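Protein chains: 4
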Amino acid sequence: MDLNSDLGEGFGRWTLGDDDALLAIVTSANVACGFHAGDPTTMRRVCAGAAAQGVAVGAQVGYRDLAGFGRRRIDYDPGELTDDVLYQLAALDGFCRVAGTRVTYVKPHGALYNTAVRDEAQAAAVARAVAEYDPTLPVLGLPGSALLRCAAEVGLRTVAEGFADRGYAPDGTLVSRRDPGALVTDPDEVVARALRMAVGGEVVAVNGASLPIAIDSLCVHGDTPGAVALASRLRTALTEAGLALAPFAPGDLLRP
Amino acid sequence: MDLNSDLGEGFGRWTLGDDDALLAIVTSANVACGFHAGDPTTMRRVCAGAAAQGVAVGAQVGYRDLAGFGRRRIDYDPGELTDDVLYQLAALDGFCRVAGTRVTYVKPHGALYNTAVRDEAQAAAVARAVAEYDPTLPVLGLPGSALLRCAAEVGLRTVAEGFADRGYAPDGTLVSRRDPGALVTDPDEVVARALRMAVGGEVVAVNGASLPIAIDSLCVHGDTPGAVALASRLRTALTEAGLALAPFAPGDLLRP
Amino acid sequence: MDLNSDLGEGFGRWTLGDDDALLAIVTSANVACGFHAGDPTTMRRVCAGAAAQGVAVGAQVGYRDLAGFGRRRIDYDPGELTDDVLYQLAALDGFCRVAGTRVTYVKPHGALYNTAVRDEAQAAAVARAVAEYDPTLPVLGLPGSALLRCAAEVGLRTVAEGFADRGYAPDGTLVSRRDPGALVTDPDEVVARALRMAVGGEVVAVNGASLPIAIDSLCVHGDTPGAVALASRLRTALTEAGLALAPFAPGDLLRP
Amino acid sequence: MDLNSDLGEGFGRWTLGDDDALLAIVTSANVACGFHAGDPTTMRRVCAGAAAQGVAVGAQVGYRDLAGFGRRRIDYDPGELTDDVLYQLAALDGFCRVAGTRVTYVKPHGALYNTAVRDEAQAAAVARAVAEYDPTLPVLGLPGSALLRCAAEVGLRTVAEGFADRGYAPDGTLVSRRDPGALVTDPDEVVARALRMAVGGEVVAVNGASLPIAIDSLCVHGDTPGAVALASRLRTALTEAGLALAPFAPGDLLRP
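Residue numbers (our numbering), protein chains in the order written: chain X, 209 to 464; chain D, 209 to 464; chain W, 209 to 464; chain H, 209 to 464.
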């Protein structure tokens with residue numbers, strides 16, 4: 209099982225979350241690439257830290273929207289979205305290379321992630337950028353999403369992730385943050401849900417139904433109070449349950 | 209002899225210069241990388257056009273200053289400048305790769321170019337980024353500049369360029385655009401100066417003295433009225449003078 | 209009758225359209241405020257020119273999206289949209305004040321204009337910003353749009369505009385630029401449609417039906433080839449048809 | 209005596225300092241205007257809070273450099289700097305107006321502040337923007353700076369401020385942050401220096417000499433650990449020393 213988290217989400221003078229603490233916990237780091245967050249100096253630092261600790265680096269590509277932190281859907285022309293994604297992916301890969309590793313997967317951020325769950329055009333635009341840049345890179349996303357379907361259609365490996373702290377609708381999608389049941393805030397419950405997903409292969413939806421879910425990675429959030437402590441508890445719980453924690457796309461295999 | 213020009217200097221809705229016309233004339237394209245000009249879609253288009261026509265692509269890295277078009281000196285921290293340069297270089301290289309070529313050299317833009325003529329810290333910061341990303345990439349710049357000296361010190365190949373339409377001070381630097389004699393506007397004189405530089409290895413400074421100058425590339429500007437026609441005349445004149453025009457760092461050698 | 213056009217749409221080194229030529233033709237200038245286009249120096253220049261020629265200045269507020277020129281819908285939080293609009297409006301008003309005039313109306317730009325035709329939340333967010341800043345400012349928009357309805361609801365004066373070079377759907381909205389019939393390109397036809405709208409109070413829709421349309425302003429575009437010549441023809445034709453051309457919200461009334 | 213502090217220095221998702229806590233302590237708030245920090249929603253919130261508590265709002269204008277937080281000197285063309293300052297000032301004033309107050313002074317931020325200590329062209333550019341926008345607005349700055357001299361020359365009121373936590377050179381300028389003695393970190397010493405400046409009219413320079421200093425405002429920083437507690441201590445100490453704390457340019461005098 210893999211544990212992934214969003215890292216490098218500061219910008220210049222502004223910081224967000226505790227990158228160093230999370231690098232010691234997670235196995236995969238979704239690193240912001242400068243369009244919704246992340247400046248070049250932060251990108252270098254996080255890539256170097258990830259390489260040093262054997263954490264895989266994924267390109268967390270987002271909309272060009274620093275003011276909105278990439279959380280507002282933008283009606284991109286698909287071709288321009290492909291180009292914006294490829295630009296971010298290549299830029300981050302540059303910092304990975306100088307750190308002795310490589311970008312080993314791609315995961316969209318924020319509103320692009322959510323849009324690509326259902327919007328075929330944007331999902332295909334993201335997949336196309338990845339396939340063009342490096343067809344061996346897997347795409348990390350929501351099981352059943354348009355993104356993973358489009359990625360598979362262009363020949364990319366797809367990796368499904370689960371969210372132990374988010375509510376699930378009966379159809380397996382996440383409950384919108386605007387609706388009740390969107391967030392699971394009790395740490396004990398989050399850990400229990402994570403184990404049920406990772407070990408048992410199921411999740412209880414907001415209507416009480418048990419849904420089958422097959423995931424290779426669990427997403428832990430890093431920018432809320434208590435996030436690091438919770439991530440640490442999750443790591444311990446998964447390990448104690450007998451799961452080996454490791455990146456689904458390790459970067460060190462790429463090193464000479 | 210190489211002919212280089214700044215290309216891809218539009219941004220979104222805004223265009224600047226005639227990229228397609230210049231790609232048919234020059235042998236090396238200094239392509240803007242998104243910080244002072246250049247958006248991902250423009251970068252892709254110019255890289256594809258350059259690859260198709262055998263024009264070498266150089267990363268024209270600049271300050272992060274769209275509003276000032278990179279023409280205002282910024283007192284960067286050297287480490288941050290290195291990171292901003294590496295980011296731009298890697299991003300452009302991504303579009304070259306999908307076009308079947310590679311970035312084959314680096315040339316700073318605008319105020320960064322001018323600053324790196326004398327400012328050791330910024331010159332070294334640029335050189336460091338290039339050396340880290342790919343130590344086989346040459347740096348294109350002004351003969352005698354701190355930039356070429358710093359590039360050589362870290363083991364990079366250096367390539368000297370001349371400006372047929374700019375006035376030279378007796379010390380071989382360019383006359384500031386704020387001072388008289390900065391620009392040579394008569395097309396006949398520009399062509400004559402180009403030939404004298406490229407063939408004769410000398411340039412007449414503003415004080416009338418003849419200076420020796422050894423260049424491997426001539427820079428032609430593309431964003432002024434009549435620029436394309438002048439570039440075309442220069443190409444013809446150099447060819448008729450017996451000079452073979454070719455990139456100093458051809459991208460097609462890199463293709464399988 | 210008023211003639212309005214988008215002006216000040218350059219940014220830094222990049223220019224778009226011929227502001228000076230259009231200032232001699234139109235009676236109202238929709239001036240970009242820096243979020244989708246327009247830099248402070250351009251804003252000052254256009255405001256000064258408008259004031260000198262008795263052209264009214266409107267704030268052409270847009271999404272924060274320089275790379276997309278404000279032409280991509282963004283799913284703003286309504287409160288943040290209100291704040292972004294108010295910021296732009298106040299900034300432009302500063303340049304009007306130093307030019308001896310004032311912003312005298314507001315017209316959204318691009319995707320914000322189109323979104324505010326039907327999206328009640330974004331339309332209301334724009335109207336709220338205007339009402340907060342200065343409840344005497346009229347809003348210029350499409351007849352029947354959510355924008356004009358929301359503006360009226362908060363007590364603002366509304367002004368309806370027509371587009372002689374755009375196709376109309378049978379319901380009085382504009383045909384999407386993606387669909388056939390979106391643009392009327394023949395200059396003679398544009399002039400004929402302008403006269404029919406302005407004098408006859410009707411427009412022929414794409415299905416051939418004649419629609420009643422009551423407008424106080426005609427929008428002329430300035431950033432296409434031949435745009436200035438067409439705007440000039442429109443002005444002459446309207447004048448010869450006996451219409452007095454004047455701003456619907458003149459700025460000179462505000463001067464001491 | 210006035211206590212001023214930089215507020216509203218977040219941007220979108222990113223926050224910096226504790227605006228609410230500082231609004232309860234200081235008498236004047238230097239509010240970021242969107243170019244180096246500060247988004248419209250933050251500006252509205254801080255202006256509303258300041259108006260509600262009788263804290264004066266100053267426009268903290270800065271370079272257009274979000275990535276550098278306005279802390280890197282930029283070689284602006286003076287005319288463009290004037291325009292950028294006027295834009296920011298007018299935008300912030302819009303949020304003050306809707307909060308029932310007005311911008312009542314101007315203080316440059318970061319590298320612009322430091323540059324305007326000695327650079328006549330940039331100092332004059334800032335002063336010109338203020339004088340054009342509203343010649344009754346005072347400028348807050350370093351005693352003896354080019355900024356205050358240029359402001360006085362165009363007829364503006366000038367207000368001198370002191371920094372209790374910064375080292376002073378023998379000529380009355382601040383010790384550069386790069387040099388030893390730049391920062392005074394011991395809270396007791398900061399309070400003692402503040403009292404000596406505010407009550408005694410002198411400051412001890414890094415060479416041990418006592419310099420006369422006449423200030424109307426003390427600047428307290430808000431974005432470091434312990435900053436709010438220290439600001440609170442300063443307020444108490446000054447009050448207990450018999451100084452009445454009040455804005456030098458109160459906004460409530462402007463309200464009807």
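No residue lacks a Cβ here, since even glycine has one placed at the ideal position from N, Cα and C.
The structure presented is a predicted model; accordingly, all values stated were derived computationally and were not measured.
Check whether residue i and residue j have beta carbons under 8 Å apart
i, j, result
"L355 (chain X)", "V362 (chain X)", "no"
"A435 (chain X)", "H429 (chain X)", "yes"
"Y264 (chain X)", "T312 (chain X)", "Position check: residue 264 (chain X) holds Ala in this sequence, whereas Tyr was assumed. Yes."
"G531 (chain H)", "D228 (chain H)", "Residue coverage of chain H in this structure runs from 209 to 464, which leaves residue 531 (chain H) outside it and unanswerable."
"G302 (chain W)", "L320 (chain H)", "no"
"D424 (chain H)", "D210 (chain H)", "yes"
"V414 (chain H)", "A372 (chain H)", "no"
"A258 (chain D)", "A299 (chain X)", "no"
"A337 (chain W)", "L364 (chain W)", "no"
"V407 (chain H)", "R401 (chain H)", "no"
Endpoints, the beta strand (DSSP E) within which residue i is located
i, result
"Y341 (chain X)", "Taken as a continuous stretch (DSSP letters only), Y341 (chain X) belongs to no beta strand (DSSP E), being part of the alpha helix (DSSP H) at E328 to Y341."
"L348 (chain D)", "V347 to G349"
Per-residue contacts from residue i into chain X (C-beta, under 8 Å)
i, result
"P248 (chain D)", "E288, D291, D292, L294 and Y295"
"G242 (chain D)", "Y295"
Residues that residue i bridges to, as DSSP identifies them
i, result
"N212 (chain X)", "X:S236 and X:C427"
"S418 (chain W)", "W:V412"
"V265 (chain H)", "H:A237 and H:V311"
"E217 (chain D)", "In the DSSP output, where bridge partners are listed per residue, E217 (chain D) has none listed."
"V367 (chain X)", "X:L348"
"Y376 (chain W)", "W:L382"
"L391 (chain X)", "X:R374"
Terminal residues of the alpha helix (DSSP H) in which residue i lies
i, result
"Y295 (chain W)", "P286 to V306"
"D228 (chain D)", "D227 to L231"
"R441 (chain H)", "A435 to E448"
"L356 (chain X)", "A354 to E361"
Interface residues of chain X facing residue i [CB-CB closer than 7 Å]
i, result
"G270 (chain H)", "Those do not exist, as G270 (chain H) stays about 12 Å from chain X at its closest Cβ, beyond 7 Å."
Exposure label - residue i; buried when at least 16 CB within 10 Å
i, result
"V326 (chain W)", "In the sequence on display, residue 326 (chain W) carries Arg and not Val. It is exposed - the Cβ of R326 (chain W) has fewer than 16 other Cβ atoms within 10 Å."
"P388 (chain H)", "exposed"
"R463 (chain H)", "Low confidence applies to R463 (chain H): its pLDDT is 48, below 50, so where it sits in the model is not reliable enough to give any reading."
"A454 (chain X)", "exposed"
"D273 (chain H)", "buried"
"E288 (chain D)", "buried"
"E397 (chain D)", "exposed"
"R386 (chain H)", "exposed"
"P248 (chain X)", "buried"
"G450 (chain W)", "exposed"
"P316 (chain W)", "buried"
"E369 (chain X)", "buried"
"A240 (chain D)", "buried"
"D291 (chain W)", "buried"
"L426 (chain H)", "buried"
"G349 (chain D)", "buried"
"G409 (chain H)", "exposed"
"G270 (chain D)", "buried"
"G416 (chain D)", "exposed"
Neighbour list for residue i in chain W, Cβ cutoff strictly below 7 Å
i, result
"G409 (chain D)", "Chain W residues near G409 (chain D): none, gap ~34 Å exceeds 7 Å."
"Y284 (chain X)", "R280"
Within chain W, partners of residue i - CB distance below 8 Å
i, result
"V306 (chain H)", "L294, E340 and Y341"
"L224 (chain D)", "R221 and W222"
Listed by chain order, chain H residues near residue i by CB distance under 8 Å
i, result
"G220 (chain X)", "L274, A275, G276 and F277"
Amino acids of chain D, ordered along the chain, whose beta-carbon sits closer than 7 Å to that of residue i
i, result
"R252 (chain X)", "D291"
Within chain D, the residues that residue i reaches when beta carbons sit closer than 8 Å
i, result
"A299 (chain X)", "Y295, Q296, A298, A299 and G302"
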